[in-house]
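Chains as they are written, first to last, in the working numbering: chain A, 15 to 355; chain B, 15 to 355.
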């Protein structure tokens, strides 16, 4: 790797490089990250359709199964779990911040590994590819693929539009995240015109949930507590066992807690099977949970962060509540000093 | 009224008529509907700013107070409850399907009433104005106002963009409703470029909720029942009294129930203070709740409908559950006949 120096500032050269690499490859493996989300599956299937239009027969690989909610996507049934039967001569890695995110699909390939085209939007991206198209201003990897279409000479049809819009809708939580730009919305408009059904995709990929979710949220709301601007809930493992907890997600619950006007910070402490406690933290500006998560040994973004604690649920709750209330008090004092509120 | 015949098909003539009527008026009253939502307040304040730019000093009137969540809007503090002190010589009615929606603001004016410009997007609009600009393909009344800007010679600044984007975001539930078009998304993109903060507006106007909401949802989830594809919940008035129920809304709860994959139809039966039971119904395509609501003496849309029942909560539950399960069975049979699922 690293034989060529690709000038990141010269986006046209990068796109040309991608096109040449694809044109010259006979066996292309398209990979995204383990535990795939809508942008991962949307990107893999979109790139699959793009390469087919370019006359290729790509292999679509992901370490984990395509989640049921994304099986409506074209080519979703062709996404395979590794190992691929033969060594590819080009890898296109999508939505992966570093090589390890590809999981066994990459790790199990013998050395020397084939060259990698790295297309991603994460700020933490390590530029691990031979060619790196990393646009951290993009809201999703599919947004980069959308911008790439003219350069690759690919036309936008309904199946491709569905894949791209799925990634846009899921990574922006339906245009609700912080970085949504006019460009994102105009891309979505063009994808609808190409035949993608925004309402249908939003339902299938984002809002429709299993009944077990509501049963999990019921446990959460029954354990909800509020003190000094901190709104939190605990999900003991024993209670989760009584419902079909394996298919349930607590992310909607912590988003609900973070959206409560009286709450400066919202949190869910979910005890998992091995006894650890997974802590999710949410807030709205001007508050910031990234330092709180770091102080608890975790990490994340200013408005959404988390950590994992190796202790009992009672101990974890005592620790998190103490630190969260202290964080709120300090940030409120700082905001008063700055005259913000 | 009705002295002039306005050709609805000639949109330019309508816009010209609106501009002339505004230019010729000295005292303009801008009104929206009782129990105002984000599109009502967004429309009133947007029209206020537009008229100010046109050299007018409009009076902004609404029968009910501006809800706290919309007080961030420019001019929101200038929206007054009626009666207005003097008789206006022009009324601009926004987002009102018929005259009665204006409430006392219109009803209490002496006869003969001043001429009305009726700008609205509801399919049920009765064309009650002297000039009617009714576009049922628009997702919100603010979308019509946005389209009206060039014709009125008004330029888009940041305050106006905030008002317009607030109406777009609330009436489409953040671009999640059925009719969102490429035009809606491109309008939102232009409003962001003019300085409106989509993320901030989505939080303030749409997603941030009082703590009492979660307490109401907790009651709802604890009373949740599921049978033969029908997922429903009851909210007894006694239970609501224990929380600050006046500030809580059950609309988020019924949306959650309607979004559950195992549910063909979701419903909430909320007992209110006078003893009536307000029934909200939700479904996803290919199901349809409008006939079910009509059979219960109510009405609404295919995917969201409701009714009000004058009986005990136990009786209402028995009635609704029976009819809902029958509806699901019939629609499933019909769908099988059509080969849909």
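Even glycine gets a Cβ: it sits at the ideal position worked out from N, Cα and C. These numbers were taken from a predicted model, which means no experiment stands behind them.
Partners in chain A for residue i, counting only beta-carbon separations shorter than 7 Å
i	result
residue 231 of chain B	235
9 Å Cβ cutoff, residue i in contact with chain B
i	result
residue 355 of chain A	Residue placement at residue 355 of chain A is poorly supported in this model, since its pLDDT is 48, which falls under 50; the coordinates are not used for a value here.
residue 163 of chain A	no
residue 314 of chain A	no
residue 26 of chain A	no
residue 344 of chain A	no
residue 19 of chain A	Unreliable placement is indicated for residue 19 of chain A, whose pLDDT of 42 sits below 50; no coordinate value is reported for it.
residue 250 of chain A	no
Per-residue contacts from residue i into chain B (C-beta, under 7 Å)
i	result
residue 192 of chain A	213
residue 228 of chain A	235, 238, 270, 274
Cutoff 9 Å: residue i Cβ touching any chain A Cβ
i	result
residue 340 of chain B	no
residue 52 of chain B	no
residue 347 of chain B	no
residue 352 of chain B	no
residue 22 of chain B	In this predicted model, residue 22 of chain B has a pLDDT of only 46, less than 50, meaning its place in the structure is not dependable enough to derive any value.
residue 30 of chain B	no
Partner residues on chain A for residue i, Cβ-Cβ distance less than 8 Å
i	result
residue 200 of chain B	199, 200, 203
residue 225 of chain B	240, 245, 274, 275, 276, 277
residue 207 of chain B	196
Residues sharing a beta bridge with residue i, DSSP
i	result
residue 280 of chain A	A:245, A:296
residue 213 of chain B	Bridge partners of residue 213 of chain B: none, in fact.
residue 348 of chain A	DSSP output for residue 348 of chain A lists no bridge partner at all.
residue 239 of chain A	A:246
residue 319 of chain B	B:295, B:314
residue 133 of chain B	B:108, B:147
residue 223 of chain B	A:274
residue 285 of chain B	B:291
Listed by chain order, chain B residues near residue i by CB distance under 8 Å
i	result
residue 221 of chain A	190, 273
residue 298 of chain A	217, 222
- Item | 3-residue-minimum beta strand (DSSP E) runs that sit fully inside the segment 38-109 of chain A, ordered along the chain | The beta strand (DSSP E) runs lying completely inside the segment 38-109 of chain A and spanning 3 residues or more are 42-45, 73-75, 104-108, given in chain order.
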